[in-house]
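Protein chains in written order, with this note's numbering: chain A, 10 to 293; chain B, 10 to 293.
All residues carry an ideal CB built from backbone N, CA and C; glycine is no exception.
Every value quoted in this text rests on a predicted model; they were computed, and no experiment measured them.
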């Protein structure tokens, strides 16, 4: 099913570039569009893509069987709107966006009837950005989440499964866009708010020399791309605020039992968190 | 200075056992006292100690030049009180406790004048407990924090430096007991409250299949010994509540700017956290 497909990556950053690298490795033809001429030149020089353009070149767009958007969330709908007249009939379009509801339904609503958009979210990344850091190995430990709606065909879902397998994702799973955004609000966005707030709660640089691995592990994601994450948070605002509120209620409850020196209640909190965390061990 | 010193470990758990292992490796004579006969037998069988007892054997206690308490925080003062009549003159006593003010001044107040107690905190550990998991390599990446007071001699401080170097601690530093407890309230205790509360804020076990490394890193320390950490938190209650309050104010401030969709303020939070976190990179 993947055989002989030609891929176009729009937005050649870390994820788009890593997709391109992995697809080339498995002998697909890969094109890319990015507004940054340096990104395109770098990718051509390093054989990450076969052809590229800094503009929305109709000739390049209509060569693609599959288009994957690596654009920032707010730019995707606009890009599809402006360029879909160049799409080949039956083009499959997907994305890498970390929120789904805020963009997916809009794209499916405006998209030409003879093309199909299926949402996907590779839960992969690095603390650095740009095609210069592209790395096909970031998918190996990662989940690929597909978020089909009733507008999607089984064929498109099957194709994305095969795509995920070829790129060696550790796991491929399906969620509704709503469940995806709820899950990501807790597992990813809330954890980023916590890490950011923990760093911002203290300005003592001298603490570095006393810092252990736990603190470093917990705050690694406090190094964050401010433009991307501001968009992602705003697009999932209701879920994220809900998760922040639940978490803060839980912290408040712990604070209160500590203040009252209710040792039994403290122990119960620790026992519960220990039991729950065990489910998340990779080998459990 | 360390030459020919005989060490007694009281409380042969993970840390006490790891100290014993490391000291034996460098050819010191090491004794241990623990109420658990299995711990003592295991340590004897595996040549982790030279002699051991399940009781506070006066003959064993008075052989020691250096006594290190690996007991739970609340048991240390009592143990010194009950057993100091057996101490050899000039015995140096230290500990491994994660809080300092709540125990250190009490011990120094009751201790015989011809002996010396100096507080120390090896910031090392594992998610498992017991001498069966003793491992001298846990000190290699760790800090040893010494918390001398005006009751301590330069000789004792120098000795603990040498002790830390021989055990290959990555870093040895000095803090007042007050600064230690304030620092540990933020870097260690607050991060544990956060991890515990994050796990307790959601009971959906099915999230496991979507979980990425960030969430696992952030919640690893939610697996926690409920007896030990309840003691540690209560003994540093004021500092910890202060840190929880500052952190929750910061979270609340983030929540409010997200609710208002103040993108500029969100970006400033991200930029600040990114800059601050960079100071904590190991190679910075």
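Determine the extent of the beta strand (DSSP E) in which residue 156 of chain B is found, giving its start and end residues. Start and end: 152-156.
If distances are taken between C-alpha atoms only, which option among A/34, A/240, A/146, A/121 comes closest to residue 101 of chain A? The closest CA to that of residue 101 of chain A, considering only A/34, A/240, A/146, A/121, is found on A/121.
Beta-carbon spacing of residue 126 of chain A, residue 72 of chain A below 9 Å: If you check the CB distance, residue 126 of chain A and residue 72 of chain A do not come in under 9 Å.
Start and end of the alpha helix (DSSP H) containing residue 242 of chain B? Start and end: 235-244.
Does residue 142 of chain B get closer than 9 Å to chain A when you measure Cβ to Cβ? No - not a single Cβ of chain A is within 9 Å of the one on residue 142 of chain B.
If you follow the beta strand (DSSP E) that residue 17 of chain A is part of, which residue opens it and which one closes it? Start and end: 15-19.
For residue 80 of chain A and residue 23 of chain A, what's the separation of their Cα atoms in angstroms? Cα to Cα, the separation comes out at about 11 Å.
Which whole-angstrom value is the C-beta distance of residue 145 of chain B and residue 15 of chain B, which I expect to be below 8 Å? In fact, because the Cβ distance is near 19 Å, the residues do not count as touching under 8 Å.
Separation of residue 190 of chain B from residue 10 of chain B, as counted between CA atoms: Looking at the backbone, the Cα of residue 10 of chain B and that of residue 190 of chain B are separated by about 29 Å.
Looking at the C-beta of residue 293 of chain B, does it have a partner C-beta in chain A at a distance below 9 Å? Summary for residue 293 of chain B: the model assigns pLDDT 48, below 50, so the residue's position carries little reliability; its value from the coordinates is reported in the next sentence. Yes, residue 293 of chain B counts as interfacial toward chain A.
Residue from B/200, B/278, B/19 whose Cα sits closest to the Cα of residue 225 of chain A: The residue among B/200, B/278, B/19 with its C-alpha nearest the C-alpha of residue 225 of chain A is B/200.
Strictly by DSSP, which residues pair up with residue 61 of chain A? The secondary-structure analysis by DSSP pairs residue 61 of chain A across a beta bridge with A/41.
Any chain B beta carbon closer than 9 Å to residue 276 of chain A: Output row for residue 276 of chain A: interface = yes.
Using a C-beta cutoff of 9 Å, does residue 203 of chain A count as contacting chain B? Yes, residue 203 of chain A counts as interfacial toward chain B.
Residue 182 of chain A bridges to which residues according to DSSP? Checking the DSSP bridge columns, you'll see residue 182 of chain A partnered with A/154.
First and last residue of the uninterrupted beta strand (DSSP E) at residue 131 of chain B: Run containing residue 131 of chain B: 128-131, per the beta strand (DSSP E) assignment.
Any C-beta of chain B sitting closer than 9 Å to the C-beta of residue 121 of chain A? For residue 121 of chain A, no Cβ of chain B is located within less than 9 Å of the residue's own Cβ.
Chain-ordered residues of the region 102-131 of chain A with a beta carbon less than 8 Å from chain B: Those would be none; no residue qualifies.
Report the neighbours of residue 217 of chain B on chain A: residues whose CB is nearer than 7 Å to its CB, in chain order. Here the neighbours are 288, 289.
What first and last residue would you give for the beta strand (DSSP E) that runs through residue 84 of chain A? Not the beta strand (DSSP E): residue 84 of chain A falls in the alpha helix (DSSP H), residues 82-92.
Taking residue 306 of chain A as part of the beta strand (DSSP E), name the residues at either end of that continuous run. Given that chain A is displayed from residue 10 to residue 293, the structure contains no residue 306 of chain A and the question cannot be resolved.
In whole angstroms, give me the CA-to-CA distance for residue 76 of chain B and residue 19 of chain B. Their Cα atoms are separated by approximately 7 Å.
Going by C-alpha distance, which of B/93, B/29, B/259 is nearest residue 52 of chain B? Put simply, of B/93, B/29, B/259 the residue whose alpha carbon is nearest the alpha carbon of residue 52 of chain B is B/29.
Residue 245 of chain B and residue 284 of chain B look like a contact to me (Cβ under 8 Å); what is the Cβ gap, rounded to whole Å? Between residue 245 of chain B and residue 284 of chain B a beta carbon distance of about 29 Å is seen, past the 8 Å cut, so the two are scored as non-contacting.
I'd like to know whether the C-beta of residue 178 of chain B is nearer than 9 Å to at least one C-beta of chain A. With its beta carbon at least 9 Å from every one in chain A, residue 178 of chain B lies outside the interface.
Go through its chain and collect everything with a Cβ distance to residue 179 of chain A's Cβ below 7 Å, but skip five positions before and after it. Excluding residues within five positions, the ones whose Cβ falls inside 7 Å are 149, 150, 151, 152.
Is it buried or exposed for residue 131 of chain A, if we count other Cβ within 10 angstroms and need 16 for buried? The residue in question, residue 131 of chain A, is buried, as its Cβ has 16 or more Cβ neighbours within 10 Å.
Please go through the same chain and pick out, in chain order, the residues whose beta-carbon is closer than 7 Å to the beta-carbon of residue 98 of chain A, but skip the five residues on each side of it. Excluding its 5 nearest sequence neighbours in each direction, residue 98 of chain A has C-beta neighbours in its own chain below 7 Å: 123, listed in chain order.
Would residue 242 of chain A count as contacting chain B if we go by Cβ distances under 9 Å? Residue 242 of chain A has a beta carbon lying within less than 9 Å of a beta carbon in chain B.
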